[in-house]
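Scroll down for the structure; my scribbles are underneath it.
Protein chains: 2
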Amino acid sequence: MRLHNLLIAALLLITTSVWAQPSVECWDRFELAFTHATTGNPFDVELSATFTNGERSITVRGFYDGNDTYRIRFMPTAEGEWSYTTHSRVRAMNRQRGKLIATAPTGNNHGMVSARGTGFVYADGRRYMPFGTTNYALALFRPQTQEKTIESLSKTGFNKTRFCILPKDFPCPEEEPMSYPFLLKSRTKGADGKEHFEWDITRFDTDFFQNLDHRIEQLMALGIEADLILFHPYDRGMWGLDALSNEEHIRYLEYLIARVGAYRNVWWSLANEWDLVKTKTREDWKVLTRAMVAADPYRHLCSIHGGTAVYFDYWMDEFTHVSIQDEGPVFSSTASATLRQIYRKPIICDEIGYEGNIRERWARLSPQQMTYFVTNGLLGGIYVTHGECYRNPAEKEFVYWSDGGELKGESWRRIAFLRQILEEAPNAPMMADISRDEFTSTCGEGYYLVNLGKQILSSWRFNLPRSNGPYSRPKAGTKYKVEIINLWEMTITEYPELFEATEVIDYRVYDKQHRDVRLPDMPYLLLRITKVE
Amino acid sequence: MRLHNLLIAALLLITTSVWAQPSVECWDRFELAFTHATTGNPFDVELSATFTNGERSITVRGFYDGNDTYRIRFMPTAEGEWSYTTHSRVRAMNRQRGKLIATAPTGNNHGMVSARGTGFVYADGRRYMPFGTTNYALALFRPQTQEKTIESLSKTGFNKTRFCILPKDFPCPEEEPMSYPFLLKSRTKGADGKEHFEWDITRFDTDFFQNLDHRIEQLMALGIEADLILFHPYDRGMWGLDALSNEEHIRYLEYLIARVGAYRNVWWSLANEWDLVKTKTREDWKVLTRAMVAADPYRHLCSIHGGTAVYFDYWMDEFTHVSIQDEGPVFSSTASATLRQIYRKPIICDEIGYEGNIRERWARLSPQQMTYFVTNGLLGGIYVTHGECYRNPAEKEFVYWSDGGELKGESWRRIAFLRQILEEAPNAPMMADISRDEFTSTCGEGYYLVNLGKQILSSWRFNLPRSNGPYSRPKAGTKYKVEIINLWEMTITEYPELFEATEVIDYRVYDKQHRDVRLPDMPYLLLRITKVE
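Quick note, the sequences are listed as chains X and P, same order.
Take the first sequence: its letter number 511 is residue 511 in our numbering, and every next letter is one higher.
For any residue, its number in our numbering is found by taking its place in the second sequence, counting from 1, and adding 533.
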């Protein structure tokens, strides 16, 4: 058990008394618990606390967690002493005061991720590049399935995953959610064999949410961001939970923020395929988004995801980044780069189709094509999410993308390899000479990645564009090292010769000796070209 | 002289008296003139008129036109009787009342163009698809050059052209503007040989603007929209007219609206390459754009154009459409279609490079490439502007794109041919199966255009996507005619056989006999596939 978990465990013992200066790592979770029995709906009890550190002041909502227990969770956003006061109409939970010390983050705690320009950074300034996957039912199915998913994630290079909170109607496996975010009052089978679920939508199922907390914590320990899908169109009349009013849904969002807002790795994805949710309009999504952002004291990353090539109003200030389903933008790095120029925010293609063997065309990309799309997007300066849809129907296997379980594909390893390459670079890639050179990306002065993609070439004439994004241009006489990276084979081979740049000749520089780089006649090569001091 | 010009000539005789019910075509220009001598700056005299037709009420600004003459111009936006009242502190121009009859439009008067969805329509509902070109100095150089440009435009299929109002520093030919929008007080040569221009920026040069009026009228008679470039970065310190304050520039915009706002074919392009104007920020452009739209009672089409791949905040309500400089979006129709999905407004690539033979890479597209880019954009559901940059430096020839004069290139004919094809179609094209099928565009039920582009194929397996944009999907048993359109040769050849659609097989339909369309092994083919009743 890690130190901060121990601390949280200790803090759980606090009820209405105040301890002497507990401490917690900055960006970790501090928690207060209160015991109180109410005759009414305990979810209606208002409870909050204001945490203050110098001029910083953060007010967080408390929440009911079952068994007469109320909790207040807080994530310190700066090191140092924080003092707090609680607010409630319940006297025993009102005006409780205390202090805590937020200590320096340790280990893989780099703080919350936020958007900066067209990229992301951790609170400590470290670059965060999302290499995400998709596990819709990560926190929905049987515990052993959930555990298997977490375990498989721990072996990959993924640092983000998308998953749902509301139940999803999966055709397979014939597993169904163990519990639901809302309180299930009864479940009956009609004469037509169709199940009818009766809910108390004024109450939440705390078992469900305790499990969700646990999964988010597990992901946090692995350094994986939890991109929570708050709504989706996969209810299909089975549970009716997508058909509540905006007010009822906002109550759900506020409960969620009170519970999991103090987890630094949480992102809000307002919806998956918002346009396919027939009970909501574009205007409704704006209402829900604004409510979500207004209720979130931390400003967690927030976006919304649509159907194929359906774009939301991502220019709204509420959206920290763009989250889309569309393969058009990853057909080439130039196409990716155009979106980046348009939005001037980080862009994540959160579905470009998935590697798999399923009949549906969005679920049958070859591992090569999946890798190719991810590479195109990343080198064009955007981010691309993985998913995997292999199924052997006879065996009723899990489909990793929806159900979780174990990875079977081949692209995830290449994506991990690519992550390593891009994290080594001084800056995230972008096109060196936008809309003019489709293959050359720059990561800074004297640092290029040339994406040869599906071209099979025997040799490549050494050349670089005069333009180098916002960085210094290549200078005549500079010597460059070339490494041939085979993305499919996951090998890096240093080329034995150095190249020396000419003056600019018609917008480009070449090697003074007019030399080529000899290549293996293979696709999916990436050339890493770096200045030699 | 056309009837409406006669009427305008007659109306020019009106001073402060009121005639009996003059009439003018709806969307044509109605004009009142007043004679008044002022001791102050005549451009400071405030004058306006309110025109009323039932519940419609439009207030337009008047303007000073030199020689003690003030004018009020008005474009009726609906047929029927309009009454007006003038407003001014000058007694002789105040509270002048009168009426006019707006008659039904005739000839090529289809009214003002406005944006509808991702396309454009004339006021009478007719579809307008911009097939534009670029003539920066159309109204700036010697009259004989201007006449030559107008004459050459009359022979093409272009229905829009972009041109500048502020002087442009052209390296060639060594011709310079005949007059300027602002009053030139003096022009002196410094010891360093550099010319110094001294302006009275509180006064406009009415000769300049009378010429501008004339050119806009000539274009209107040809059915060509005048996309006026209001600012640009090509002053380069020579005239200093881009370095005025926003207030001074707004005065210029308001004068312009008062003068040319009553021309139905006028569009506002706030700037060419706004980001290269070093005297203005993105915020300044928003200020100027808002002022322009607020002052325009007609809501003429309005956009702003940036440098390569520099995108403005086109989601602002002030922008009726997107006007960009970027070739990335025309690399493929899929790339074009992505932008359309993002903005949900009409998009015009107002520079993708130009056909030409100049060293600069933006001015040396082959006519084939120019045609290819235009075709890709149009079939992806956006619009693409032509330009031509041929120069023989020894002869100091005009460069059509900047100076005007005569066309020398080869793409303009193909663009006219393409215009004819697209205007015949029931709807403007869009991708039939976005982000999945890169080649098939739909223009409605049973009406497809398949863009084979640079592929050279001996045959093409007859097939259509199941998806058909917003239109009915192909039905099994439907018979289709195929026409092979050679865009480069400008020929249309009907294929001798009909094809009959299968049921959907894996997202597509094929011919029941599995037949191919035999093709000439040539690039730039477009297949027009239409349902046979």
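Beta carbons are placed, not taken as given, at the ideal position from N, Cα and C, and that holds for glycine.
Open item on the list: Quick check on P:Thr-975: does DSSP put it in helix, strand or coil?
Closed with: Walking along the second sequence from the start, residue 975 of chain P turns up at place 442. Looking at P:Thr-975 - three-state DSSP - the assignment turns out to be strand.
Open item on the list: With a threshold of 8 Å between beta-carbons, can P:Glu-1066 be considered close to chain X, or not?
Closed with: Taking the first residue of the second sequence as 1, we reach residue 1066 of chain P at position 533. No, because no Cβ of chain X sits closer than 8 Å to the Cβ of P:Glu-1066.
TODO: Quick one: list the residues of chain P neighbouring X:Ile-546, beta-carbon separation under 9 Å, in chain order.
DONE: Because residue 546 of chain X is not part of the residues shown, which for chain X are 1 to 533, the question remains open.
Task: Proximity below 8 Å, CB of X:Ile-224 to CB of X:Phe-158 - done: Taking the first sequence and counting its residues from 1, the one referred to as residue 224 of chain X is at position 224. Taking the first sequence and counting its residues from 1, the one referred to as residue 158 of chain X is at position 158. Yes, the Cβ-Cβ distance between X:Ile-224 and X:Phe-158 is below 8 Å.
Task: Pair within 8 Å by beta-carbon distance, P:Gln-874 and X:Tyr-311 - done: By 1-based counting over the second sequence, the position of residue 874 of chain P is 341. By 1-based counting over the first sequence, the position of residue 311 of chain X is 311. The answer is yes: Cβ separation under 8 Å.
Task: Reduced DSSP secondary structure (H/G/I, E/B, other) of P:Gly-910 - done: On the second sequence, residue 910 of chain P is found 377 positions in, with the first residue counted as 1. Correct three-state label for P:Gly-910: helix.
- [ ] Could you check the C-alpha separation between X:Ile-434 and P:Ile-885 for me, to the nearest Å?
- [x] The residue labelled residue 434 of chain X in the question sits at position 434 within the first sequence. The residue labelled residue 885 of chain P in the question sits at position 352 within the second sequence. Rounded to the nearest angstrom, the two C-alpha atoms are 13 Å apart.
Open item on the list: P:Pro-710 and P:Phe-742 - do their beta-carbons sit closer together than 8 Å?
Closed with: Within the second sequence, the letter at position 209 stands for residue 742 of chain P. Within the second sequence, the letter at position 177 stands for residue 710 of chain P. Not a contact, by the Cβ cut-off of 8 Å.
Open item on the list: Below 8 Å on C-beta distance, what does P:Ala-870 contact in chain X?
Closed with: Position 337 of the second sequence, counted from the start, is the residue given in the question as residue 870 of chain P. Residues of chain X with a Cβ closer than 8 Å to the Cβ of P:Ala-870 are, in chain order, Ala-309 and Gly-328.
Task: Alpha-carbon spacing of X:Ser-336 relative to P:Val-863, whole angstroms - done: By one-based count along the first sequence, residue 336 of chain X stands at place 336. By one-based count along the second sequence, residue 863 of chain P stands at place 330. The alpha-carbon separation between X:Ser-336 and P:Val-863 amounts to approximately 13 Å.
Open item on the list: Taking the straight line between their C-alpha atoms, what separation do you get for P:Thr-583 and P:Pro-962?
Closed with: Numbered from its first residue, the second sequence carries residue 583 of chain P at position 50. Numbered from its first residue, the second sequence carries residue 962 of chain P at position 429. Computed Cα separation, rounded: 41 Å.
- [ ] Flag P:Gln-874 as yes if its beta-carbon sits less than 8 Å from any beta-carbon of chain X, otherwise no.
- [x] Position 341 of the second sequence holds residue 874 of chain P. P:Gln-874 counts as touching chain X.
Open item on the list: Please list, in chain order, the chain P residues whose beta carbon lies closer than 8 Å to that of X:Thr-334.
Closed with: As a working mapping, residue 334 of chain X is identified with position 334 in the first sequence. Chain-order list of chain P residues neighbouring X:Thr-334: Gly-861, Phe-864 and Ala-868, by C-beta distance under 8 Å.
Task: Any 3 or more C-beta pairs closer than 8 Å across the stretch 801 to 819 of chain P and the stretch 622 to 635 of chain P - done: No, they do not touch.
Task: Nearest residue (CA-CA) to X:Ser-441, options X:Ile-382, X:Met-490, X:Trp-488 and X:Ile-492 - done: To locate residue 441 of chain X, count along the first sequence from 1; it is residue 441. Residue X:Ile-382 holds the alpha-carbon nearest to the alpha-carbon of X:Ser-441 among X:Ile-382, X:Met-490, X:Trp-488 and X:Ile-492.
Open item on the list: Along the stretch 1026 to 1054 of chain P, where does the CB come closer than 7 Å to a CB of chain X? Name the residues.
Closed with: Among the residues of the stretch 1026 to 1054 of chain P, those with a Cβ less than 7 Å away from any Cβ of chain X are Tyr-1040, in the order of the chain.
- [ ] With 8 Å as the threshold, decide whether the Cβ of X:Arg-361 is near any Cβ in chain P.
- [x] Start at 1 with the first residue of the first sequence, and residue 361 of chain X comes out as number 361. Closer than 8 Å to some Cβ of chain P, the Cβ of X:Arg-361 qualifies, so yes.
Task: Cβ-based neighbour list, X:Arg-95, same chain, cut-off 7 Å, excluding 5 preceding and 5 following - done: Position 95 of the first sequence, counted from the start, is the residue given in the question as residue 95 of chain X. Thr-85 and Thr-86, listed in sequence order.
Task: Where P:Asp-846 meets chain X, residues with beta-carbon distance less than 8 Å - done: Residue 846 of chain P sits at position 313 when you count from the first residue of the second sequence. Result: Trp-315.
Task: Within the stretch 688 to 754 of chain P, ranges of the alpha helix (DSSP H) (whole runs, at least 4 residues) - done: Annotation: the stretch 688 to 754 of chain P contains the following complete segments of the alpha helix (DSSP H) (minimum length 4 residues), in chain order: 739 to 754.
Task: The beta strand (DSSP E) enclosing X:Gln-513, as first and last residue numbers - done: What you label residue 513 of chain X is simply residue 513 of the first sequence in a count that begins at 1. Per DSSP, X:Gln-513 belongs to no beta strand (DSSP E) and is neither H nor E.
Open item on the list: Going by the DSSP bridge assignment, what does X:His-232 pair with across the sheet?
Closed with: The residue you call residue 232 of chain X lines up with position 232 of the first sequence. DSSP lists no partner for X:His-232.
Task: Neighbour-count burial assignment, X:Leu-230, 16 or more Cβ in a 10 Å radius - done: Within the first sequence, the letter at position 230 stands for residue 230 of chain X. In summary, X:Leu-230 is buried, with 16 or more beta-carbon neighbours lying within 10 Å of its beta-carbon over all protein chains present.
Open item on the list: Restricting to Cα atoms, I'd like to know which of P:Val-1042, P:Lys-987 and P:Met-1023 is closest to P:Ser-1000.
Closed with: Indexing the second sequence from 1 puts residue 1000 of chain P at position 467. With distances taken between Cα atoms, P:Ser-1000 lies closest to P:Val-1042.
Open item on the list: Buried or exposed, going by whether 16 or more other CB atoms sit within 10 Å of the CB of X:Ala-262?
Closed with: As a first step, residue 262 of chain X must be located in the first sequence, where it is residue number 262. Result: buried.
Open item on the list: If you follow the alpha helix (DSSP H) that X:His-249 is in, where does it begin and where does it stop?
Closed with: Numbered from 1 along the first sequence, position 249 holds the residue referred to as residue 249 of chain X. First-last of the alpha helix (DSSP H) with X:His-249: 246 to 260.
- [ ] Could you tell me if X:Arg-2 is buried or exposed, where buried requires 16 or more neighbouring beta carbons within 10 angstroms of its beta carbon?
- [x] Taking the first sequence and counting its residues from 1, one reaches residue 2 of chain X at position 2. The predicted position of X:Arg-2 is uncertain, since its pLDDT is 47 and thus under 50; a value taken from the coordinates is nonetheless stated next. Exposed, since its Cβ has fewer than 16 Cβ neighbours within 10 Å.
Task: Whole-angstrom distance between P:Ile-698 and X:His-305, CA atom to CA atom - done: Position 305 of the first sequence holds residue 305 of chain X. Position 165 of the second sequence holds residue 698 of chain P. Spanning the two alpha carbons is a distance of roughly 43 Å.
TODO: Pick helix, strand or coil for P:Lys-1008, following the three-state DSSP scheme.
DONE: Start at 1 with the first residue of the second sequence, and residue 1008 of chain P comes out as number 475. Correct three-state label for P:Lys-1008: coil.
- [ ] Can you tell me which of the three DSSP states P:Leu-565 falls into?
- [x] Taking the first residue of the second sequence as position 1, residue 565 of chain P is located at position 32. Note: P:Leu-565 maps to strand in three-state DSSP.
Open item on the list: What does the alpha-carbon distance come out to for the pair X:Arg-419 and X:Gly-444?
Closed with: On the first sequence, position 419 is the one that residue 419 of chain X refers to. On the first sequence, position 444 is the one that residue 444 of chain X refers to. For X:Arg-419 and X:Gly-444, the distance between alpha carbons rounds to 17 Å.
Open item on the list: Let me confirm a value: P:Arg-792 is counted as buried when at least 16 other C-beta atoms fall within 10 Å, else exposed. Which label applies?
Closed with: By one-based count along the second sequence, residue 792 of chain P stands at place 259. Answer is buried; the Cβ neighbour count reaches 16.
Open item on the list: Checking 8 Å against the spacing of the C-beta atoms, do X:Trp-82 and X:Thr-52 come in under that value?
Closed with: Reading the first sequence from its first residue, position 82 is the one you call residue 82 of chain X. Reading the first sequence from its first residue, position 52 is the one you call residue 52 of chain X. Their beta carbons are under 8 Å apart, which means X:Trp-82 touches X:Thr-52 by this criterion.
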